[in-house]
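Just so you know, the protein sequences line up as chains E and D, in that order.
By the numbering used here, the letter at position 192 of the first sequence is numbered 193, and the numbering carries on one by one without gaps.
By the numbering used here, the letter at position 187 of the second sequence is numbered 193, and the numbering carries on one by one without gaps.
Data block below; observations after.
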Amino acid sequence: MIDQLLFLLEVVVAGLLSGTMYSLVALGYVLIYKSSANFNFAQGAMVFFAVLSFVGLMELGLSFPVAFAATILLMMLLGLLTEKLVLRPLTNQSEETVLMATIGLGFFLEGLTQATWGVEVRKLDLGVKDVPITWIADNFKLLISALDLVAAAVALTMIAGITLIFNYTKVGLGLRAVADDPGAASSIGIPLKNIMFFVWSAAGVVALVAGMMWGARAGVQFALVDLALKALPVLIIGGFSSISGALIAGLVVGATEKLLEVFLGPMFGGGIEGWAPYVMAILFLLYRPEGLFGEKIIRRV
Amino acid sequence: MSAGRNFPIGDPILELKNISLRFGGVKAITNISFKVLKHEIRAIIGPNGAGKSSLLNCINGIYKPQEGTILFNGKVLDGISPNVVANNGVSRTFQNLALFKRMSVLDNIMVGRTLHTTSNFWSVGFGLPKAMKEDRENREKCMEIIKFLEIEHIKDSPVGKLAYGLQKKVEFGRALATEANILMLDEPMAGMNVEEKREMCRFILKVNDEVGTTIVLIEHDMGVVMDISDRVVVLDYGKVIGDGIPDEVRSSQAVIDAYLGTSHD
Chain E
2 MIDQLLFLLE VVVAGLLSGT MYSLVALGYV LIYKSSANFN FAQGAMVFFA VLSFVGLMEL
62 GLSFPVAFAA TILLMMLLGL LTEKLVLRPL TNQSEETVLM ATIGLGFFLE GLTQATWGVE
122 VRKLDLGVKD VPITWIADNF KLLISALDLV AAAVALTMIA GITLIFNYTK VGLGLRAVAD
182 DPGAASSIGI PLKNIMFFVW SAAGVVALVA GMMWGARAGV QFALVDLALK ALPVLIIGGF
242 SSISGALIAG LVVGATEKLL EVFLGPMFGG GIEGWAPYVM AILFLLYRPE GLFGEKIIRR
302 V
Chain D
7 MSAGRNFPIG DPILELKNIS LRFGGVKAIT NISFKVLKHE IRAIIGPNGA GKSSLLNCIN
67 GIYKPQEGTI LFNGKVLDGI SPNVVANNGV SRTFQNLALF KRMSVLDNIM VGRTLHTTSN
127 FWSVGFGLPK AMKEDRENRE KCMEIIKFLE IEHIKDSPVG KLAYGLQKKV EFGRALATEA
187 NILMLDEPMA GMNVEEKREM CRFILKVNDE VGTTIVLIEH DMGVVMDISD RVVVLDYGKV
247 IGDGIPDEVR SSQAVIDAYL GTSHD
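Laid out in structure tokens, this is it:
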């Protein structure tokens with residue numbers, strides 16, 4: 002009985018920890034959505050681009066911190082160029098237009114990344130192994146991966162930081178104002194282009210960190226682009242515009258998919274964690290389309 | 007009006023000299039000149055399409071007049087744009103509300119202060135605690151404005167849910183939060199009932215009297231305009247057809263003609 006309970010606990014903990022990694026990816030989407038009310042299809046490609054550039058720079062002989070800093074600068078440059086070349090010319094265009102532009106940007110980044118750094122799968126060693134921590138295993142009989150734990154800590158720190166910026170600083174207020182009504186924001190003098198640059202840079206840094214965490218586990222490869230799509234059900238469940246929603250939905254998805262896999266999986270022949278989150282997302286779309294924490298749509302007639 | 011004011015009317019704070027604005031062949035404003043004095047309440051009136059809002063847009067830096075100069079405190083601003091004008095202490099409200107509908111009343115008013123503080127945009131990333139302290143101070147200032155406008159009970163409601171009159175009040179609050187020297191109000195009482203208008207007048211007079219803010223006001227309600235303004239400028243077809251204290255304007259034949267029409271017999 003105790004063994005079974007421990008096993009259940011282990012599954013839940015592993016699910017929650019990997020859930021924070023979903024949250025981290027979702028956070029990148031939320032950042033853009035919250036400040037421009039647009040879904041950024043290029044986010045997955047940005048994850049791929051960021052982490053492969055980081056690994057590539059290390060292969061060129063840069064040390065870990067130097068490569069990290071250089072990649073952050075690179076992502077800021079990408080943010081700057083995106084604002085100048087893609088977003089600014091599309092100011093005041095319909096949301097669909099900008100959405101299509103992000104799809105294009107995604108394809109471009111995927112191509113650029115592979116043309117620059119090649120297509121083979123790279124290993125990324127963060128110095129933390131994806132193996133159970135012996136101290137916890139010995140004392141609590143729980144198998145918890147060290148990498149999971151580190152990734153969760155990093156994800157939570159970033160989420161907390163970004164929440165504080167959004168809710169308790171004037172820059173965050175400016176970001177929300179722009180998302181709410183770009184026209185009104187610019188008419189009272191909020192500098193739109195700074196805001197867009199800031200947000201896309203921040204989303205780039207989040208993409209880098211998410212890519213490093215996922216890359217360390219699954220290898221740095223093109224499949225990261227698809228992994229980033231796992232953030233979609235997280236976004237739908239959490240609500241596109243809520244940072245805390247992304248966190249909690251990530252946890253919910255992580256834990257639920259692991260539990261379903263372990264207890265219901267055998268009935269379906271296994272592998273249900275691949276699609277269970279999408280079923281949850283569909284249920285949410287049907288019954289609570291704004292998600293757990295999204296803003297209710299206000300319409301005055 | 008001017009007897010016993012806390013802030014007696016002073017020198018010109020805003021001066022328009024021979025402003026003309028054309029959109030293609032359409033003359034929106036033709037050769038307009040007038041002065042706004044420090045601490046006064048200056049109304050701009052005129053029939054629809056007379057060029058009142060266009061004039062505010064020129065002062066604001068949104069439109070660039072083809073001719074003429076605008077002096078703030080006796081100086082011409084270089085590279086005039088909404089940002090530059092805002093930083094020189096001019097704030098305004100819009101005829102069609104420019105509020106953030108999904109954000110709370112408090113947040114909307116806070117946005118006004120966002121512009122007021124000029125610390126570096128990037129400092130947030132490097133000094134989160136400092137940025138949060140600044141945010142707290144701004145919040146307190148905005149709560150004072152909310153108390154002043156008597157809208158405490160709705161401070162957390164999303165603005166989009168509020169009645170039109172209340173939204174107008176919030177926009178006024180946001181303009182106040184900038185602590186501007188000149189407040190330009192474009193039809194602040196449109197769509198309000200008598201009670202709400204009376205209240206709004208009280209707030210405008212109070213701000214003018216207690217803070218000394220110079221007010222430039224566009225309003226259609228003649229009762230309101232004649233009651234609270236120190237001086238009134240009247241536009242018609244983009245030209246000044248009257249300028250003076252309310253009584254002078256009221257009795258001017260040109261103004262009466264513009265509003266009532268002239269007989270052509």
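Note that CB positions come from ideal geometry on N, CA and C, so glycine has one too.
For D:L191, the uninterrupted beta strand (DSSP E) segment begins and ends at I188 to D192. Scanning its chain for C-beta atoms nearer than 6 Å, with the 5 sequence neighbours on each side dropped, one finds around E:L252 the residues L17 and G20, in chain order. Not one beta carbon of chain D lies nearer than 8 Å to the beta carbon of E:D227. Straight across, the Cα-Cα distance linking E:L100 with E:N41 is about 7 Å. Counting only runs of at least 3 residues, the region 145-233 of chain D fully encloses the following beta strand (DSSP E) elements, listed from N- to C-terminal order: 188-192 and 220-224.
In the three-state reduction of the DSSP assignment, E:L157 falls in the helix class. Close partners of D:L112 in chain E (Cβ separation under 9 Å) are lacking, with about 10 Å as the shortest Cβ gap. Near chain E, meaning a CB-to-CB distance below 7 Å, no residue of the region 179-197 of chain D qualifies. Boundaries of the beta strand (DSSP E) harbouring D:N24: P18 to F29, taken from the DSSP string.
Interface with chain E (8 Å Cβ-Cβ cutoff): D:T219 is excluded. Three or more Cβ pairs closer than 8 Å define a contact, and the region 212-231 of chain E falls short of that threshold against the region 189-201 of chain E. Just so you know, the alpha carbons of E:S54 and E:W118 end up roughly 7 Å apart.
Beta-bridge analysis with DSSP links E:P133 to E:S146. Between D:L211 and the set D:P53, D:A196 and D:F178, the nearest pair of CA atoms involves D:F178. Neighbours of E:R177 in chain D, taken as residues whose beta carbon is under 9 Å from its own, are F106, R108, M109, D113 and V117 in chain order. Here E:A46 is buried. Its C-beta has 16 or more other C-beta atoms within 10 Å. When C-alpha distances from D:E46 are compared across D:V96, D:I234 and D:V240, the shortest belongs to D:I234. By the C-beta criterion, the region 215-227 of chain D is judged not to be in contact with the region 247-258 of chain D, since fewer than 3 inter-stretch pairs fall below 8 Å. Counting only residues of its own chain and dropping the five nearest sequence neighbours on each side, D:G95 has a CB closer than 7 Å to the CB of A186, N187 and I188.
Remark: C-beta atoms of D:K23 and D:S39 approach each other more closely than 8 Å.
Within chain E, S188 have C-beta atoms less than 8 Å from the C-beta of D:F100, given in sequence order.
Approximately 2 Å separates the beta-carbon atoms of E:G295 and E:G240; this is inside 8 Å, confirming the contact.
Judged by their CB atoms, E:M281 and E:I249 are not nearer to each other than the 8 Å cut-off. Closest by C-alpha distance to E:S243, out of E:V31, E:L143, E:A70 and E:Y23, is E:V31.
At a beta-carbon threshold of 8 Å, the residues of chain E lying near D:L134 are G162, L165, I166 and T170, ordered along the chain. Flagged as an interface residue toward chain E: D:E140, by a C-beta distance shorter than 8 Å. Check the Cα spacing between E:L106 and each of E:L82, E:S95, E:V221 and E:A38: the tightest is with E:L82.
When Cβ-Cβ separations below 8 Å define contact, D:A49 makes no contact with chain E. Burial state of D:G16 is exposed, judged by a 10 Å Cβ sphere holding fewer than 16 other Cβ atoms. Using a 10 angstroms sphere on the CB of E:V120, the tally of other CB atoms stays under 16, which defines it as exposed.
Using a CB distance cut-off of 8 Å, D:N144 counts as an interface residue toward chain E.
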